[in-house]
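For reference, the structure is listed below as structure tokens.
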Amino acid sequence: MQPNHLTILDTFRTNGQFSALEGRKQCYEIDLFDPYGHYLEVKLRLTQVDQGQQFALPAWIPGSYMIRDFAKHVVSLTAVTDGKVIQLTMLDKSTWQVEQACDSLTISLRVFANDNSVRAAWFDERRAFINGTSVFLRVLGREQEPCEVLVNAPTHPALSGWRLATGLDVVDAPAWGFGRFAATDYHALVDHPLEMGRFELIGFEACGVPHVMLLSGEFDVSQYDLPRLAKDLTAICECHIKRFEPATAAAPFNRYLFQTLVTANGYGGLEHRNSTALVCARRHLPLLGADPTRVDEHYQEFLGLCSHEYFHSWNVKRITPAAFSPPNYQVENYSTLLWAFEGITSYFDDLGVYQAGCVDVQAWLQAVGHIITRVYRGSGREGQTLTESSFTAWTRFYQQDANAANAIVSYYAKGALFALCLDLTLRQLSDHQHSLESLMRVLWQRYGLTGQGVEEQAIEQLAYELLPAARAQLAGLFELGLRSTADLPLEELLKQFGVALNWRSASSLTDKGGIDQAGWRVWAGAHWRQQGAELELLRVDNNSPAHKAGLAVKDRVVAVNGFRPNVEQLEKQLSQLEPGATWQLLLFRDDYLLTKTLRLEAAPQTTAWLSLVAEATEQQRTNRMAWLQC
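Each number in the working numbering comes from the position in the sequence shown (counting from 1) with 685 added on.
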């Protein structure tokens, strides 16, 4: 019998308690200092500090591969020993050094917490959210020492009624309250974010493990069907737990927390050891009174996000690239394997939503069509391989410019398509005795459970171990999919499983693909947005009509064929005109007026939609059933 919601909430906070840490440890303290100024006060207390000991604030957060230089948000830093202020020497942008040995040392940071994302720290009168990498100094060379955190209850009158939620172990704190928490070492400390404020909690169990969905932000809880959300998440979480441990259904944690900020238009997530930080829009949550047999695209998208970050509990947090084991927090950590850690996760996230019974097969096929369309709409896949995309994530994928679609292929999206191809190939070559799921289980047993980092070629080698007789075929697929820019064999592989890959042209700039509908006859090859009476160009595709006409990103079109431009009217023309028709454009580039002639061309067939083969053979139906069952 499933425990009730309140029982699970109580179990979640008491599970994993232990007594206060003894001996040499690192003690941190957090004061919610000034909500209106976004200031946090964070102290680090140490004993037995050697001369020359160095301290550093991380420059990035694992799971988000970009240098963020969190130290730039430190507005003041002081050090005290024996009641006296001492000077720390700053060695670089994020590293400090103490010049004398100390029996005890306290370092105080005042941090400007004004990043309302899942990656850093935020604090105002509505909520506080803290990722440890943005506020907790790392004691270099002493990262393996136990850590304790005291989070003081806020005294500011605007923060009355606040609670605290975190995946950290409790030392001394009331249920969902402030107090003392602990982590086994620094790496664990910074992998358990803290959420503080007024929030809603819904508890559920998955495979006997207590889970909690936390919802913070500005929303009317009475409008949403939170029991339905708990029911769907239960099915998704159990699907993934059993995927890795089919015999025991054992999760790799004793509790799990979804920390979700509800906003007007946000979307995204970041994985942690026994939690995830999420941002969603209000439209992503299931409305109370909605048809329980239907899932709209927004709710499906949110379930996919939850599924994605939950899958990361295995694939990233425990099955980890050797390059990140342990992470070097001060510099870029390069790996060619992000296609596997994000791409494979992206493949199983939507598949898990379907296999859990939350959506039907048509909704899942539509989601796959979105991914295919995303990859094939840009010419970046023609110039960058998956391994290159993984390796250069730090400066290219995470720092995209206006030319990104022409220069970058997403290791998330194309990685998911390669994972699909690998799954179908393994199944086909082994008559379903092996699959990408069984490959992930081997990775889990060999790397996830042992803590050993995954070497750059390990995934390929494990595939060869599973099917030694098919090494040549698998090697060819890895070479084509990972180290070449050739298109993946999606159509022929899907056909063997009773799924047809269909193509059409886009029907609008917001058309994500995935469904069958009439598309444009012609295209301009530019993405724009209405800015008052002007059109601002956001993107120009390589070798497109806009490219050939000499248009550029940030151009502001003020007239098309003598009339003020209107997005709706222009898109209607793309559905009606024939190839060869022209637009005479009057535009500003900076403050200079230019005239351009854009000759429209036949719209490319780069929008994908999938369908079940109408008259599938018995073998195709058998393959499809074996593939899609949970």
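Using N, Cα and C, we set each Cβ at its ideal position, and we do this for glycine too.
- About 20 Å separates the Cβ atoms of A1052 and G951, ruling out a contact at the 8 Å cut-off.
- N1251 counts as exposed, since fewer than 16 other C-beta atoms from the protein chains shown sit within 10 angstroms of its C-beta.
- By the neighbour-count criterion, in which 16 or more other beta carbons inside 10 Å mark a residue as buried, D1108 falls on the buried side.
- A1203 sits exposed, since fewer than 16 C-beta atoms from the chains shown fall within 10 Å of its C-beta.
- Taking all protein chains in view, the Cβ of E810 is surrounded by fewer than 16 other Cβ atoms within 10 Å, so the residue is classified as exposed.
- Straight-line measurement puts the Cα of A935 at about 48 Å from the Cα of D1226.
- For H872, the enclosing alpha helix (DSSP H) stretches over residues Y871 to L874.
- DSSP, reduced to helix, strand and coil, places I815 within a strand of the structure shown.
- A1098 has its alpha-carbon roughly 27 Å from the corresponding atom of R1306.
- In this structure, the straight-line span from the alpha carbon of L942 to that of V906 is close to 19 Å.
- In this structure, the alpha-carbon of I771 lies about 11 Å from that of Q782.
- Linking W847 to F718 through their CA atoms gives a straight-line distance of about 14 Å.
- In this structure, E994 is the residue among R1189, G1042 and E994 with its C-alpha nearest to the C-alpha of F1026.
- Cβ neighbours of R1274 within its own chain (closer than 7 Å, five residues either side excluded): A1237 and D1240.
- Listed in chain order, the beta strand (DSSP E) runs fully inside the region 1243-1311 are 1267-1274, 1277-1284 and 1292-1297, counting runs of at least 3 residues.
- For E1300, the closest C-alpha among the options T948, Y909 and F1182 is that of F1182.
- Nearest Cα to E1141 within the set L776, E1073 and C991: E1073.
- By the Cβ neighbour-count rule, F1248 is exposed, with fewer than 16 other Cβ atoms within 10 Å of its own.
- Residue pairing by DSSP puts W1208 in a beta bridge opposite E1286.
- Put simply, of A838, S1296 and T780 the residue whose alpha carbon is nearest the alpha carbon of V824 is T780.
- Contact between L1151 and H1119 holds, since their C-beta atoms are separated by about 5 Å, short of 8 Å.
- The beta carbon of H690 is closer than 7 Å to those of I887 and G888 in its chain, skipping five residues each way along the sequence.
- V734 is positioned such that its CB atom lies closer than 8 Å to that of A786.
- In the three-state reduction of the DSSP assignment, V1060 falls in the helix class.
- By DSSP's assignment, W807 forms a beta bridge with N799 and F814.
- When the beta-carbon positions are compared, V796 and H841 stay at least 8 Å from each other.
- Short of 8 Å from the beta carbon of Y984, and not among the five residues preceding or following it, lie these beta carbons of its own chain, in chain order: H969, L970 and P971.
- Just measuring C-alpha positions, the residue of V727, L1297 and W999 sitting nearest E1176 is L1297.
- Contact between E833 and A873 is absent: CB atoms are separated by about 12 Å, not below the 8 Å threshold.
- Across the structure, L1222 and V1242 are spaced so that their CA atoms are roughly 8 Å apart.
- DSSP, reduced to helix, strand and coil, places D1035 within a helical segment of the structure shown.
- Measuring C-alpha to C-alpha distances from R940 to each of F697, A1008 and A1148 identifies F697 as the nearest.
- For I921, the uninterrupted alpha helix (DSSP H) segment begins and ends at L911 to F929.
- If you draw a straight line from the Cα of A805 to the Cα of L1279, it comes to about 43 Å.
- Residue environment: S998 is assigned as buried (16 or more neighbouring CB atoms within 10 Å of its CB, all protein chains considered).
- Taking C-alpha positions only, P1264 is separated from A1078 by approximately 38 Å.
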